[in-house]
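Quick note, the sequences are listed as chains Y and H, same order. Going left to right, the first sequence walks through residues 1 to 263 as full-length UniProt numbering numbers them. Going left to right, the second sequence walks through residues 1 to 263 as full-length UniProt numbering numbers them. Written below as structure tokens is the structure these notes are about.
There are 2 protein chains.
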Amino acid sequence: MKAPRDVPTPLLESLKSLGLTKYEALVYIGLLRTAGATATEVHEISGVPRASVYPVLDRLVQKELVSVSHTTPKRFAAIPPDQGVENLMRRIESDAQSARTALDALYREKGPESRGDQELIWTIYGEENIKTRLAEMFKSAERSVELLATGDLLQRSVLSLLDPVPGSVPVEIVTDHWTGEQPSRFRLHLLPLAALCETPFLAKKLLPYERSGVFLVDDTRALLWMEGAEGQPSALYSESAGLVLFVRRHITTVMEWAKAAVQ
Amino acid sequence: MKAPRDVPTPLLESLKSLGLTKYEALVYIGLLRTAGATATEVHEISGVPRASVYPVLDRLVQKELVSVSHTTPKRFAAIPPDQGVENLMRRIESDAQSARTALDALYREKGPESRGDQELIWTIYGEENIKTRLAEMFKSAERSVELLATGDLLQRSVLSLLDPVPGSVPVEIVTDHWTGEQPSRFRLHLLPLAALCETPFLAKKLLPYERSGVFLVDDTRALLWMEGAEGQPSALYSESAGLVLFVRRHITTVMEWAKAAVQ
DNA sequence: TAAATGTTGTTGCTAATATAACAACAAGGT
DNA sequence: ACCTTGTTGTTATATTAGCAACAACATTTA
Numbered sequence: 001m002k003a004p005r006d007v008p009t010p011l012l013e014s015l016k017s018l019g020l021t022k023y024e025a026l027v028y029i030g031l032l033r034t035a036g037a038t039a040t041e042v043h044e045i046s047g048v049p050r051a052s053v054y055p056v057l058d059r060l061v062q063k064e065l066v067s068v069s070h071t072t073p074k075r076f077a078a079i080p081p082d083q084g085v086e087n088l089m090r091r092i093e094s095d096a097q098s099a100r101t102a103l104d105a106l107y108r109e110k111g112p113e114s115r116g117d118q119e120l121i122w123t124i125y126g127e128e129n130i131k132t133r134l135a136e137m138f139k140s141a142e143r144s145v146e147l148l149a150t151g152d153l154l155q156r157s158v159l160s161l162l163d164p165v166p167g168s169v170p171v172e173i174v175t176d177h178w179t180g181e182q183p184s185r186f187r188l189h190l191l192p193l194a195a196l197c198e199t200p201f202l203a204k205k206l207l208p209y210e211r212s213g214v215f216l217v218d219d220t221r222a223l224l225w226m227e228g229a230e231g232q233p234s235a236l237y238s239e240s241a242g243l244v245l246f247v248r249r250h251i252t253t254v255m256e257w258a259k260a261a262v263q
Numbered sequence: 001m002k003a004p005r006d007v008p009t010p011l012l013e014s015l016k017s018l019g020l021t022k023y024e025a026l027v028y029i030g031l032l033r034t035a036g037a038t039a040t041e042v043h044e045i046s047g048v049p050r051a052s053v054y055p056v057l058d059r060l061v062q063k064e065l066v067s068v069s070h071t072t073p074k075r076f077a078a079i080p081p082d083q084g085v086e087n088l089m090r091r092i093e094s095d096a097q098s099a100r101t102a103l104d105a106l107y108r109e110k111g112p113e114s115r116g117d118q119e120l121i122w123t124i125y126g127e128e129n130i131k132t133r134l135a136e137m138f139k140s141a142e143r144s145v146e147l148l149a150t151g152d153l154l155q156r157s158v159l160s161l162l163d164p165v166p167g168s169v170p171v172e173i174v175t176d177h178w179t180g181e182q183p184s185r186f187r188l189h190l191l192p193l194a195a196l197c198e199t200p201f202l203a204k205k206l207l208p209y210e211r212s213g214v215f216l217v218d219d220t221r222a223l224l225w226m227e228g229a230e231g232q233p234s235a236l237y238s239e240s241a242g243l244v245l246f247v248r249r250h251i252t253t254v255m256e257w258a259k260a261a262v263q
């Protein structure tokens with residue numbers, strides 16, 4: 001009989017978030033290391049109290065993670081991991097689906113009324129969320145789209161979001177680095193690299209972090225994308241006149257400075 | 001201010017299985033029905049105690065389900081449901097991935113040694129699990145594949161699994177119903193419908209449930225697929241000589257009976 | 001201006017629930 | 001008689017839920 005050798009905690013955490021309890025995880029892991037064990041053997045291998053093993057095994061069978069033999073005493077075997085994890089995911093995915101539809105019903109109920117967004121500044125966490133918001137902004141553009149972003153951010157995350165901008169709306173892009181040909185769709189302003197290198201201090205000021213950007217749509221909606229070196233990215237979004245004005249000025253200033261430096 | 005109108009419990013359950021606590025679910029749902037609420041308003045809308053609202057909102061921000069405004073007092077807004085659920089699923093999916101690899105490492109450690117399968121009869125729950133096991137059986141067939149199944153089960157779940165059967169292995173199929181042309185790949189035995197209708201009692205005996213089947217590979221591995229009217233399907237699998245013999249006889253008997261009835 | 005009021009955000013404590021762990025025992029097999 | 005299996009309670013322990021009290025700050029009112 002094998003020792004109840006200890007199990008890495010991160011694995012336990014992962015399994016918990018898939019809906020297993022600690023015991024269920026321990027028993028399943030234990031069973032993976034054997035082939036057909038009795039309840040008592042499961043107890044010995046997993047370190048789970050013998051009396052607790054029975055209900056736990058019942059639940060695991062219910063969750064389609066183990067199969068049972070028709071002998072006395074009963075013997076138990078684990079379903080292979082990929083199959084088993086998929087079984088768990090299927091349940092969760094179905095929950096996600098029903099939650100999605102139920103929540104969506106509630107969400108639509110309120111309609112897009114009084115966008116409290118008006119004078120507030122929102123912080124959005126997570127790249128996905130930021131990109132979704134940016135996409136909304138771009139799609140709803142009516143008069144202008146201006147953006148000032150590091151080449152990195154621009155190419156990797158933002159450029160693909162620009163497709164839905166209506167054809168009649170001019171798009172102005174200011175960046176420090178551009179690979180590929182000049183795009184006809186956008187008006188491109190390249191920050192003079194030479195000047196940037198001469199004054200790294202200034203470069204830092206204009207494009208402070210590794211990946212960062214400033215986005216302005218219709219002179220009414222602004223988004224500031226900032227990404228600390230380590231953590232997840234976050235962004236500020238606002239329709240506040242004050243912040244919009246500030247962004248407005250910032251972009252203009254940078255463009256003016258770029259023109260001056262080029263001369 | 002809206003009432004903390006009660007929330008359907010199944011929705012709460014779904015959200016719990018996505019890793020939210022009851023309070024987190026209530027607050028998120030509450031936020032979906034407004035646009036930018038203060039902590040106190042969240043408390044009123046969701047029915048969650050005001051003091052509890054703060055830690056809960058913190059966690060929701062962490063989980064990328066709500067965004068925060070930079071005002072005093074802070075205001076909170078929900079990320080749209082589909083986006084939010086996707087954010088939750090991303091975490092879970094990543095947990096599933098790491099669990100899969102970690103478990104697989106453990107699983108391989110033991111190798112396919114001492115197949116305890118030898119003399120045991122296993123019950124397998126869930127259609128996916130059964131199909132996986134059937135696929136394994138078919139793929140490893142070396143001498144013969146025989147199956148006796150209701151037409152329904154055959155066409156909907158089993159037929160597609162037969163592809164991996166090695167070309168040199170003969171496949172015998174006994175069923176009550178077959179649509180489409182005669183397959184060249186298999187040897188097909190149709191149970192005489194007329195006789196079946198005359199003796200519904202017998203029909204029930206031979207193919208007891210709605211969807212059921214008996215599968216025999218190489219005269220050494222047998223699987224009995226049974227499906228109660230309501231619950232999830234289950235199956236018996238065995239390499240036990242006794243059970244295999246029994247299945248062997250059963251299939252032969254049915255085929256003999258069919259021949260006799262036809263005359 | 002100063003007291004009165006009200007709201008926000010915190011802290012700490014208690015209650016309820018789900019999970020974990022143990023003790024005891026009946027049934028059956030050796 | 002002994003040991004093992006499977007079952008049933010009962011007791012811890014951890015997580016979550018719910019409450020009360022308070023300091024900080026702003027707004028009103030005398």
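A virtual CB, placed ideally from N, CA and C, is assigned to each residue, including glycine.
Does E181 (chain Y) come within less than 8 Å of chain H when only Cβ atoms are used? Position 181 of the first sequence holds residue 181 (chain Y). So, not an interface residue.
Who are the neighbours of G231 (chain Y) on chain H, taking C-beta pairs under 8 Å? Within the first sequence, numbered from 1, the residue matching residue 231 (chain Y) stands at position 231. Within 8 Å Cβ-Cβ: nothing; G231 (chain Y) doesn't reach chain H, min ~11 Å.
Taking only beta-carbon atoms, is E64 (chain H) less than 8 Å away from chain Y? Translated into the one-based positions of the second sequence, residue 64 (chain H) becomes position 64. Interface residue, yes.
Proximity below 8 Å, CB of A37 (chain Y) to CB of R91 (chain Y): Taking the first residue of the first sequence as 1, we reach residue 37 (chain Y) at position 37. Taking the first residue of the first sequence as 1, we reach residue 91 (chain Y) at position 91. It is not a contact, given that the beta carbons lie outside the stated cut-off.
Complete alpha helix (DSSP H) runs within the UniProt domain "Transcription regulator TrmB N-terminal" (15-81) of chain Y (minimum length 4 residues, chain order): 22-32, 39-46 and 50-62
Answer with buried or exposed for A78 (chain Y), where buried requires no fewer than 16 other C-beta atoms within 10 angstroms of its C-beta. If you number the first sequence from 1, residue 78 (chain Y) lands on position 78. Buried, because 16 or more other Cβ atoms sit within 10 Å of the Cβ of A78 (chain Y).
Below 7 Å CB to CB, which residues in the same chain sit around S52 (chain Y) once its five sequence neighbours on both sides are set aside? For the purposes of this step, residue 52 (chain Y) is taken as residue 52 along the first sequence, with counting starting at 1. Here the set comprises Y23.
Note down, in chain order, each residue of its chain lying with its Cβ closer than 8 Å to the Cβ of A135 (chain Y), except the 5 sequence neighbours on either side. Against the first sequence, residue 135 (chain Y) aligns to sequence position 135. Excluding residues within five positions, the ones whose Cβ falls inside 8 Å are L161 and P164.
Using only alpha-carbon positions, find the residue among H:E210, H:G84 and H:T72 that is nearest to E227 (chain H). As a first step, residue 227 (chain H) is located in the second sequence; it is residue number 227 there, counting from the start. Per the Cα distances, H:E210.
For E109 (chain Y), name the three-state secondary structure that DSSP assigns. Looking up residue 109 (chain Y) in the first sequence gives position 109. Three-state result, E109 (chain Y): helix.
Determine the contact status of V171 (chain Y) and R185 (chain Y), defining contact as a CB-CB distance below 8 Å. Start at 1 with the first residue of the first sequence, and residue 171 (chain Y) comes out as number 171. Start at 1 with the first residue of the first sequence, and residue 185 (chain Y) comes out as number 185. For V171 (chain Y) and R185 (chain Y), yes; Cβs fall inside 8 Å.
Any chance the region 176-190 of chain Y sits against the region 146-154 of chain Y, with 3 or more Cβ pairs inside 8 Å? yes
Return the chain-ordered list of same chain residues with a C-beta closer than 6 Å to the C-beta of P10 (chain H), the five sequence neighbours on each side being excluded. One-based indexing of the second sequence puts residue 10 (chain H) at position 10. If we look at P10 (chain H) and ignore the five residues flanking it on each side, it has no Cβ neighbours.
CB contact below 8 Å: Y23 (chain H) versus chain Y: Your numbering for residue 23 (chain H) matches position 23 in the second sequence. It does not; no Cβ of chain Y falls within 8 Å.
So, is P166 (chain H) buried or exposed, given that buried needs 16 or more other C-beta atoms within 10 angstroms? Taking the second sequence and counting its residues from 1, one reaches residue 166 (chain H) at position 166. It is exposed - the Cβ of P166 (chain H) has fewer than 16 other Cβ atoms within 10 Å.
Bridge partner(s) assigned by DSSP for residue 306 (chain H): Nothing about residue 306 (chain H) can be read from this structure; chain H reaches only from 1 to 263.
Taking contact to mean at least 3 C-beta pairs separated by less than 8 Å, is the region 92-104 of chain H in contact with the region 14-28 of chain Y? yes
Is the Cβ of P49 (chain H) closer than 8 Å to any Cβ of chain Y? Taking the second sequence and counting its residues from 1, the one referred to as residue 49 (chain H) is at position 49. It does not; no Cβ of chain Y falls within 8 Å.
If you drop the 5 nearest sequence neighbours on each side, which residues of the same chain put their C-beta closer than 7 Å to that of Y125 (chain H)? As a working mapping, residue 125 (chain H) is identified with position 125 in the second sequence. If we look at Y125 (chain H) and ignore the five residues flanking it on each side, its Cβ neighbours are Q232 and S234.
CB contact check: L245 (chain H) to chain Y, cutoff 8 Å: If you number the second sequence from 1, residue 245 (chain H) lands on position 245. It does not: the Cβ of L245 (chain H) has no partner Cβ on chain Y nearer than 8 Å.
Between the C-alpha atoms of K139 (chain H) and E13 (chain Y), what's the straight-line distance to the nearest angstrom? Working through the second sequence from its first residue, we reach residue 139 (chain H) at position 139. Working through the first sequence from its first residue, we reach residue 13 (chain Y) at position 13. Going from the Cα of K139 (chain H) to the Cα of E13 (chain Y) covers about 36 Å.
Verify the CB distance criterion: does V68 (chain H) have a CB-CB separation below 8 Å to chain Y? Along the second sequence, one-based indexing puts residue 68 (chain H) at 68. Taking Cβ atoms only, chain Y reaches closer than 8 Å to V68 (chain H), which makes this a yes.
Does the beta-carbon distance from L216 (chain H) to R133 (chain H) come in below 8 Å? Stepping through the second sequence from its first residue, residue 216 (chain H) is reached at position 216. Stepping through the second sequence from its first residue, residue 133 (chain H) is reached at position 133. Taking 8 Å as the Cβ cut-off, L216 (chain H) and R133 (chain H) do not qualify as a contacting pair.
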